[in-house]
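So the mapping is simple: our numbering equals the position in the sequence shown, first residue as 1, plus 19.
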Amino acid sequence: GTKLEITDVTVRMLKPDVGLQDGILQFTNADGLVDRSRYSAVWTKNGKEWQLASVRDLGALPTVAAPE
């Protein structure tokens with residue numbers, strides 16, 4: 020088991036049908052280490068549905084031990 024959590028999410032609307040999402044992906048490994056990485060995603064609206072147009076990994080953050 021690895022656990023995935025998305026944290027520190029912000030969304031900015033660039034147009035009524037385009038949004039920019041930024042956040043942090045946090046992977047907690049079975050051994051208790053936490054790997055974190057920043058990401059950015061572009062969402063577009065197609066009719067009534069939102070779809071991912073692009074996702075980019077913006078780089079790793081320092082690895083830390085999981086909180087007890």
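Cβ atoms here follow ideal geometry from the backbone N, Cα and C, with glycine treated the same way.
Rounded to whole angstroms, N65 and P81 show a C-alpha spacing of 37 Å. In this structure, V74 sits away from L39, with a CB-CB distance that is not shorter than 8 Å. Its chain contains V61, W62 and T63 as the residues whose beta carbon lies nearer than 7 Å to that of A72, once the 5 sequence neighbours on both sides are disregarded; these appear in chain order. Linking T26 to G42 through their CA atoms gives a straight-line distance of about 6 Å. The C-alpha of L77 lies about 11 Å from the C-alpha of R55.
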